[in-house]
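*Asks:* Dropping the structure in here first, questions after.
Residue numbers (the working numbering), protein chains in the order written: chain V, 3 to 251; chain F, 101 to 328.
Here it is as structure tokens:
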């Protein structure tokens, strides 16, 4: 989590207008879902990896780390798509060619989609999504709730880590039943402190004239149309190539 | 149990999003109104949302050795009620997607449906039902959290079965297949989460009676006997 957030804030494309990153990434995600996966998928992974590593300057290992967890889940789950069961005369398991094909296509499609997501999370901090959410018609109060949550997550994470270390140092995780107990206490404590913290924050804000809206300055960034056009052209090329390669015998 | 980005076919992803949307919009309206009436609720909700996110990142002691984590679905439904949970769950899932790359944007609808709508409603119904039957609170909380988890897991299995029906035995066969694949991790995990939720609720009742009272929308069962 920290690694993702760190790169999101420090990468080379951090100060680009969010739309320049979001629009191409979402278009690519859409293409990944709609076009034949076996030809489009690898191209999409290649493009997002290049954009993340060469463009935004995020180390390659960070990109792989983000991809690794969903990839492991996919590789574990895919074989079950290939296997089919029937219950006539006991339980029978078959591997059908169709099923194997479906498993392969689904895995490639999902991996390509995850790579789009990895690009987004590694280059765009969550805060940059806020104007977009506003534009989509989310009420200001909800967007603010999201931003507050974002801030508090990191505050609480620090507290949770400290608490965990203190418990672990006192052998709180030495046995299964102890770990269960300790996890419960840690979570309960975190909740209690969280509420307490929220209340103090609220008193502090009220003292400063808080009426339900936190106003913040959004840095002015100009949208570069040439860059956006170039990115979209690249995305279209990938889609077209994926289609053509699929049509070719 | 998150469905990974891109795993569902586009039509299914769109359909689950359309199905989940009304619940989330109604919930958002409700929360929006709550926040307008009482601005301080915003901070309370933000704190709870951050807490739920972290809870899902805390690794649970797991018997099967797999990397498993709590959903917090049951606890949220018990503390806030399911109508608020639909929005809170959606936000937590959004954070998991964007901060951990866990779950996905296109599969958000399907995940919201199983984890922020079905799970909390079942947990809440179980809590209410068992309380009315006069069960001890600890038992109610345990059952609510556990059954909420199971409902979530069966919903996910159902979503996968609808998306990938078995060529021989159809959707039903596929459902049994997915349900049994996830059973070894999900069944014990739900029991553990049930126990964990009991520990948390006991802790809160013992030390945070005041905070529980301050939650403006607690179910009757919890709003008693604060000893802080």
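C-beta atoms are modelled at their ideal positions from N, C-alpha and C, and glycine is treated no differently. Remember, predicted model here, so these are calculated numbers, not experimental data.
With C-beta atoms as the reference, is residue 146(F) less than 7 Å away from residue 150(V)?
*Replies:* yes
*Asks:* Excluding five sequence neighbours on each side, which residues of the same chain lie with their C-beta closer than 7 Å to the C-beta of residue 243(V)?
*Replies:* 45
*Asks:* Taking buried to mean at least 16 other C-beta atoms within 10 Å of its own C-beta, is residue 13(V) buried or exposed?
*Replies:* buried
*Asks:* Mind pulling the chain F residues with CB within less than 8 Å of residue 75(V)?
*Replies:* 104
*Asks:* Residue 104(F): buried (16+ other C-beta within 10 angstroms of its C-beta) or exposed?
*Replies:* buried
*Asks:* State yes or no: is the beta carbon of residue 269(F) nearer than 7 Å to at least one beta carbon in chain V?
*Replies:* yes
*Asks:* Quick check: the segment 274–288 of chain F against the segment 102–119 of chain V, are there 3 or more CB pairs under 8 Å?
*Replies:* no
*Asks:* Which residues in the same chain as residue 149(F) place their Cβ atom closer than 7 Å to its Cβ, once the five residues preceding and following it in sequence are excluded?
*Replies:* 188, 191, 192
*Asks:* Could you check the C-alpha separation between residue 262(V) and residue 198(V) for me, to the nearest Å?
*Replies:* Outside the shown range of chain V (3 to 251) lies residue 262(V), about which nothing can therefore be said.
*Asks:* Can you tell which of 220(F), 230(F), 300(F) has the C-alpha that lies nearest to the C-alpha of residue 183(V)?
*Replies:* 300(F)
*Asks:* Please identify, using Cβ separations under 9 Å, the residues of the segment 141–158 of chain V that lie next to chain F, in order along the chain.
*Replies:* 141, 143, 144, 146, 147, 148, 149, 150, 151, 152, 153, 154, 155, 156, 157, 158
*Asks:* Check the Cβ-Cβ distances between residue 121(V) and every residue of chain F, and say whether any is below 7 Å.
*Replies:* no
*Asks:* For residue 95(F), return the contacting residues in chain V, with the cut-off set at a CB-CB distance below 9 Å.
*Replies:* There is no way to answer for residue 95(F), as the model of chain F reaches only from 101 to 328.
*Asks:* For chain V, check one thing: does any of its Cβ atoms lie closer than 7 Å to the Cβ of residue 217(F)?
*Replies:* no
*Asks:* May I have the straight-line CA-CA distance separating residue 183(F) from residue 250(F), to the nearest angstrom?
*Replies:* 19 Å
*Asks:* Between which two residues does the alpha helix (DSSP H) containing residue 300(F) stretch?
*Replies:* 270–307
*Asks:* Which runs of the alpha helix (DSSP H) at least 4 residues long sit entirely within the segment 27–52 of chain V? Give them in chain order.
*Replies:* 39–52
*Asks:* Return helix, strand or coil for residue 97(V), following the three-state DSSP convention.
*Replies:* strand
*Asks:* Contact criterion: CB-CB distance below 7 Å. Does residue 82(V) meet it with respect to chain F?
*Replies:* By the rule that beta-carbons nearer than 7 Å mark a contact, residue 82(V) touches chain F.
*Asks:* Run through the DSSP bridge pairs and tell me what residue 181(V) is partnered with.
*Replies:* Secondary-structure assignment with DSSP links residue 181(V) through no beta bridge to anything.
*Asks:* Could you tell me which chain F residues have their CB closer than 7 Å to the CB of residue 112(V), listed as they occur along the chain?
*Replies:* At a beta-carbon threshold of 7 Å, the residues of chain F lying near residue 112(V) are 104, 105, 106, 107, ordered along the chain.
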